[in-house]
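The block underneath contains the structure these notes are about, expressed in structure tokens.
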Amino acid sequence: MTKKEFAAALDSALKAVRKEYGFTQEKMAAVLGISKKTLVEIEKGRSSLGWTGAAAFAAIFRESGILQAQFGGDLDDLVEALAFAEAEPQYPKTMGGRVWWREIWKEKGYRIQQNVVSGHFRLLDRENRRLMASFTLERVLERLKEELQ
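What follows is the structure in structure tokens.
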């Protein structure tokens, strides 16, 4: 998934999430910091939130059942995987992936998991700290190799 694809997916979910929260177009536009006209254009498929707007939308509405079902749980992880595609920050501890994650590999305390909905991968250390997230398993395996050396 690319940032553009992510934004397009959120564009198509915008109206459903607005209704899920019981917001009018005016209220939703105010929450997102955009004009009502822009919101209407996005809902009609004529405009897009773009990457920045999509990231903000995902952060603001991270508790949305619609978005969690569409993307496989916590959107923060997905947004970070997209945002840090070219960089590898140090991540905080996770809960170990009990719901939305399938274990791909486990050895010497390290684990590679794949999100069952979005398909992105993450590498966890012995304390369930996310070392990296990526849509490319090869990148995760390269990082794992570095950790094991």
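Taking my numbering, the leading residue of the sequence shown gets 15, the next gets one more, and so forth.
From the three backbone atoms N, C-alpha and C, an ideal C-beta is built for every residue, glycine too.
Burial state of residue i (16 or more Cβ within 10 Å)
| i | result |
| --- | --- |
| Val-93 | buried |
| Gly-36 | exposed |
| Asp-25 | buried |
| Gln-128 | buried |
| Gly-67 | buried |
| Gly-47 | exposed |
| Val-130 | exposed |
Beta-carbon proximity of residue i to residue j, cut-off 8 Å
| i | j | result |
| --- | --- | --- |
| Phe-85 | Ser-49 | no |
| Ala-22 | Ser-61 | no |
| Leu-28 | Ala-43 | no |
| Ser-87 | Glu-34 | It is Gly, not Ser, that sits at residue 87 in the sequence shown. Cβ atoms of Gly-87 and Glu-34: not closer than 8 Å. |
| Leu-145 | Glu-161 | yes |
| Val-31 | Leu-81 | yes |
| Trp-65 | Lys-17 | yes |
Contacts around residue i, its chain only, beta-carbon distance under 6 Å, and the 5 residues preceding and following it disregarded
| i | result |
| --- | --- |
| Arg-140 | Gly-123 |
| Val-154 | Ile-126, Phe-135, Leu-137, Ser-148 |
| Ala-72 | Leu-89, Val-93 |
Run through the stretch 75–152 for me and flag every whole beta strand (DSSP E) of 3 or more residues, listed as ranges in chain order. Counting only runs of 3 or more, we get 115–121, 124–129, 135–138, 144–148.
Whole alpha helix (DSSP H) runs in the stretch 16–52 with 4 or more residues, listed along the chain? The qualifying runs are 17–34, 39–46.
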